[in-house]
Amino acid sequence: MQSASFPESRIGPLILPEVTEILISLWKVPPQQRKMEAQRILGTERDNLATKYQAALKDSRRATIRSVFEGKALDQNYPSPFGQQWERLQKPLTSPQDWGSCKPYEPGNVTADVLAFYLSGQFTNDTPRPGYGVVFCASNLGRFVEEAQVDGALTISAVAVHEWFHGFVEATLYPRGEVPVAGFRALEEAAANRVALDWLTTCAEADSSSIEKLEQALFVSSKIAGSPGYGEFDKVDARVPGSVPDLVSSTAPTETKPDGYFSEAAYRPWTSSRAYHDQILWNGFLAGLQGETIPCYIELGGYS
Ligand SMILES: [Zn+2]
-19 MQSASFPESR IGPLILPEVT EILISLWKVP PQQRKMEAQR ILGTERDNLA TKYQAALKDS
41 RRATIRSVFE GKALDQNYPS PFGQQWERLQ KPLTSPQDWG SCKPYEPGNV TADVLAFYLS
101 GQFTNDTPRP GYGVVFCASN LGRFVEEAQV DGALTISAVA VHEWFHGFVE ATLYPRGEVP
161 VAGFRALEEA AANRVALDWL TTCAEADSSS IEKLEQALFV SSKIAGSPGY GEFDKVDARV
221 PGSVPDLVSS TAPTETKPDG YFSEAAYRPW TSSRAYHDQI LWNGFLAGLQ GETIPCYIEL
281 GGYS
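Right, dumping it as structure tokens:
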């Protein structure tokens, strides 16, 4: 989507619990009323965000002025990164932006990236591009939750962990002056599904039948379908946060496929301090799943 202004069908930045609350309330409305409800949500949530971030910005300016007069250091880091993102999106942009778009929904082999996508920050001068983060595709998600009869909130979180991993890879490589290779990389998708499935089966707070149902519908189904990358989560292990960023970097000598993970990667880098650092960083990302870690957006265009 190439336009200079933020898509009108998208709202954010939001934190994950806000995404979940908004989507669950939308899906409670009968299907024939969802288009109208999506429009209503766009209006009210935009107002809510304006109230929330404008207040934070005002506080921030007041604190800055006070600190100048009182000669004190600022004790709070205002506005928050999400507030800064929001503020940037309110201003007209000077050049057209690629805002990304939701993939078409194909029943039978639905992957996390059909339900949401990570819009890379493509950091320029240490500033991420406007609107970067995880974009949740409301209508694809709603359709999947209904067709697979899975728990909506659980699905949103599991999909978020997958997308979080893409954000983590970028955040790991960027400060080293490296970038993730653009486009589909089977190893990165296998790794993202590995961490998402591990989160689902060991961290998710849900009953075991809901977990099992989602495991089948979102992960095992890709394996049965032979989906490259997504279906190959069992060819990599829990150590992927320590090894995969290096292997999907643009400076990696060759592209490692999931089949080559154990021989090329898993044992070698795990012993290095870099792999250790990356594993710790990933733990931090996961701990921040509910907070202002990666900006989230909801794309409601599928309902128009
Ligand atoms: Zn992915």
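Per this note's numbering: the sequence shown ends with 284, consecutive numbering throughout.
Don't be surprised by glycine CBs; every beta carbon is placed ideally from N, CA and C.
If you're wondering where the values come from, they're calculated on a predicted model, not measured in any experiment.
In the structure shown, what three-state DSSP assignment does I(-9) receive?
strand
Contact check, S223 vs T91, beta carbons under 8 Å:
no
Under 6 Å, CB to nearest heavy atom of ligand 1: contacting residues:
A92, D93, H142, H146, E169, A172
Assign N285 to buried or exposed, taking buried as 16 or more other Cβ atoms, counted over all protein chains shown, within 10 Å of its Cβ.
Summary: the structure shown does not reach residue 285, with the chain confined to residues -19 through 284, and so no result is reported for it.
If you drop the 5 nearest sequence neighbours on each side, which residues of the same chain put their C-beta closer than 8 Å to that of D178?
A218
Decide if I191 is buried, meaning its Cβ has at least 16 other Cβ atoms within 10 Å, or exposed.
buried
In terms of residue numbering, what span does the alpha helix (DSSP H) encompassing I278 cover?
Judged by DSSP secondary structure, I278 falls outside any alpha helix (DSSP H) and instead within the beta strand (DSSP E) spanning 276 to 279.
Beta carbon of L153, beta carbon of S243: below 8 Å?
no
Does the Cβ of S137 have 16 or more other Cβ atoms within 10 Å, making it buried, or fewer, making it exposed?
buried
So, for L3: in the same chain, excluding its five sequence neighbours on each side, which residues have a beta-carbon less than 8 Å away from its beta-carbon?
Counting only Cβ-Cβ distances below 8 Å, and skipping sequence neighbours, we find F116, A118, L121, G122, G132, I136, I278.
As assigned by DSSP and simplified to three states, the class of L99:
strand
Helix, strand or coil: how does DSSP classify F199 here?
It is helical.
Would you call the region 141 to 157 and the region 252 to 262 touching, i.e. three or more CB-CB distances under 8 Å?
yes
Local Cβ density within 10 Å of Q77, reported as buried at 16 or more and exposed below that
buried
Ignoring anything shorter than 4 residues or poking outside the region 153 to 237, list the alpha helix (DSSP H) runs there in chain order.
166 to 182, 188 to 194, 201 to 204, 220 to 227
Keeping to the same chain, check which residues put their C-beta closer than 7 Å to that of P350; ignore five residues upstream and five downstream.
In this structure the chain extends from -19 to 284, so residue 350 is not present and cannot be described.
Could you spell out where the alpha helix (DSSP H) holding V125 opens and where it closes?
118 to 128
Taking P33 as part of the alpha helix (DSSP H), name the residues at either end of that continuous run.
Residue identity check: residue 33 is Tyr in the sequence provided, not Pro. Counting along the chain, the alpha helix (DSSP H) containing Y33 begins and ends at 14 to 50.
May I ask you to verify whether the region 155 to 171 touches the region 22 to 29, counting CB pairs closer than 8 Å and requiring at least 3?
no
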